[in-house]
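S.K.: Dumping the structure here so I can ask a few things about it.
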Amino acid sequence: MYGAVGRLGVDVGFSRSTLQYGEEIHKIIREQFELELRSEVLGLMIYEDGNAAIMGMSASVVVETDLAPLETGMRHWYSISDQMNQSQLTCAALINDAQFVGHADAKFILLITAVEALSGKAAASTEQISAVEKLCGTLAEFDVGGGVRETLMRTLENAKKPSIRQGYMKKLRSLLGDEDAKRFDKLYALRSSYVHEGKGRGDLQESIPIALDIAIRLLETDTQRHN
3 MYGAVGRLGV DVGFSRSTLQ YGEEIHKIIR EQFELELRSE VLGLMIYEDG
53 NAAIMGMSAS VVVETDLAPL ETGMRHWYSI SDQMNQSQLT CAALINDAQF
103 VGHADAKFIL LITAVEALSG KAAASTEQIS AVEKLCGTLA EFDVGGGVRE
153 TLMRTLENAK KPSIRQGYMK KLRSLLGDED AKRFDKLYAL RSSYVHEGKG
203 RGDLQESIPI ALDIAIRLLE TDTQRHN
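So in this note's numbering, the last spot in the sequence shown is 229, and the numbers never skip.
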């Protein structure tokens with residue numbers, strides 16, 4: 003949890019870590035050498051003309067920091083971790099793991115998914131269900147063939163089912179306000195275009211700080227409300 007809200011990224015796994023390269027490094031290698039970097043625990047793998055070459059490497063970094071804030075934060079979140087529900091734990095894990103991802107697009111997707119996991123789906127309103135039923139009744143009177151009417155009926159019926167968008171909009175509006183809900187709605191539209199249409203590849207870097215800020219504040223607020 004503290005790895006998420008503290009923007010640290012805490013790894014308590016036992017497997018060997020895999021190399022990760024930032025988007026800037028990928029871009030430089032791509033532009034200067036027309037090569038694509040691939041992560042590999044054995045070293046740096048470069049693919050050229052169908053041949054693979056491994057460049058071994060070894061490095062270590064020492065970072066000094068004040069442990070007091072870390073200890074305080076971990077003590078606080080540990081004290082309430084057993085009171086967190088599964089949605090909150092999943093959200094925290096996704097935000098935490100996003101800190102390890104070097105590729106901007108993948109990091110953005112993880113952060114959006116974190117908010118989605120915390121929000122769940124929301125049932126359609128009574129007014130919406132009533133409107134859909136009226137439209138279905140009207141559509142039933144039209145004489146259209148070729149399965150068109152059945153297809154349209156299924157589309158309308160789907161509008162009565164619990165909605166992901168209604169879920170996160172309801173959660174964000176209630177905890178963070180309408181402005182943040184609208185901001186995230188735009189981010190989710192970017193995510194949908196990327197995942198379903200392949201649009202925006204390589205253009206999501208600037209949206210990451212906004213997605214991270216909303217995800218962390220939503221998680222903190224939701225956790226404090228329930229605890």
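All residues carry an ideal CB built from backbone N, CA and C; glycine is no exception.
Given a cut-off of 9 Å, decide if Glu25 and Ala106 are closer than it, judged by their beta-carbon atoms.
M.R.: For Ala106 and Glu25, yes; Cβs fall inside 9 Å.
S.K.: By a C-beta neighbour count over all protein chains shown, 10 Å radius and 16 as the cutoff for buried, is Gln90 buried or exposed?
M.R.: Counting Cβ neighbours within 10 Å, Gln90 comes out buried, since at least 16 surround it.
S.K.: Could you pull out every residue in the same chain whose Cβ sits closer than 7 Å to the Cβ of Asp278, ignoring the five residues on either side in sequence?
M.R.: The displayed coordinates of the chain run from 3 to 229. Any statement about residue 278 would go beyond what the structure contains.
S.K.: Look at the Cβ atom of Gly8, then the Cβ atom of Gly75, and state whether they are nearer than 9 Å.
M.R.: Yes, these two residues count as a Cβ contact at 9 Å.
S.K.: Please identify the residue among His198, Glu222, Leu189 and Glu199 whose C-alpha is closest to the C-alpha of Phe110.
M.R.: Here the closest residue by C-alpha is Leu189.
S.K.: Rounded to whole angstroms, what's the CA-CA distance from Gln34 to Gly204? Just pull it up for me.
M.R.: Answer to the nearest angstrom: the Cα atoms are 17 Å apart.
S.K.: Give me the Cβ distance between Ile114 and Arg193, rounded to the nearest whole Å; I'm assuming they're in contact under 8 Å.
M.R.: The pair is a contact, with the Cβ atoms about 4 Å apart (cut-off 8 Å).
S.K.: Whole-angstrom Cβ separation of Leu141 and Arg151, contact assumed at under 8 Å?
M.R.: Yes, Leu141 and Arg151 are in contact; Cβ-Cβ is about 6 Å, under 8 Å.
S.K.: Kindly provide the ranges of any alpha helix (DSSP H) runs that are 4 or more residues long and lie completely inside the region 136-171, ordered along the chain.
M.R.: Whole alpha helix (DSSP H) segments, 4+ residues: 150-160.
S.K.: Can you give the Cα-Cα distance for Glu38 and His28, rounded to whole angstroms?
M.R.: Their backbone Cα atoms lie some 7 Å apart in a straight line.
S.K.: Flag this pair as yes or no: are the beta carbons of Ala6 and Ala133 separated by less than 9 Å?
M.R.: No. Outside cutoff.
S.K.: Considering only their Cβ atoms, is the gap separating Lys123 from Ile166 smaller than 9 Å?
M.R.: The answer is yes: Cβ separation under 9 Å.
S.K.: The alpha helix (DSSP H) spanning Ser83 covers which residue range?
M.R.: Taken as a continuous stretch (DSSP letters only), Ser83 belongs to no alpha helix (DSSP H), as it is neither H nor E.
S.K.: Go ahead and label Leu221 buried or exposed: buried means 16 or more other beta carbons lie within 10 angstroms of its beta carbon, across all protein chains shown.
M.R.: Per the 10 Å Cβ criterion, buried.
S.K.: Is Leu192 helix, strand or coil by DSSP?
M.R.: Three-state result, Leu192: helix.
S.K.: Gln101: which of Gly179, Ile210, Asp224 and Phe186 sits nearest, CA to CA?
M.R.: Minimum Cα distance to Gln101 is reached at Ile210.
S.K.: Using the rule of at least 16 other Cβ atoms within 10 Å of the residue's Cβ for burial, across every protein chain shown, is Asp224 buried or exposed?
M.R.: Classification for Asp224: buried.
S.K.: Are there 16 or more other CB atoms within 10 angstroms of the CB of Ser195, so buried, or fewer, so exposed?
M.R.: Burial call: exposed.
S.K.: For a test of the three-state rule: what should DSSP assign to Met3, helix, strand or coil?
M.R.: Looking at Met3 - three-state DSSP - the assignment turns out to be coil, as it is neither helix nor strand.
S.K.: Helix, strand or coil for Gly202? Go by DSSP, reduced to three states.
M.R.: It is coil, neither helix nor strand.
S.K.: Quick one: using the 10 Å Cβ neighbour count with 16 as the cut-off for buried, is Leu214 buried or exposed?
M.R.: Its Cβ being crowded by 16 or more others within 10 Å, Leu214 is buried.
S.K.: Using DSSP with H/G/I as helix, E/B as strand and the rest coil, what is Gly179?
M.R.: Of the three classes helix, strand and coil, the one that applies to Gly179 here is coil, per DSSP.
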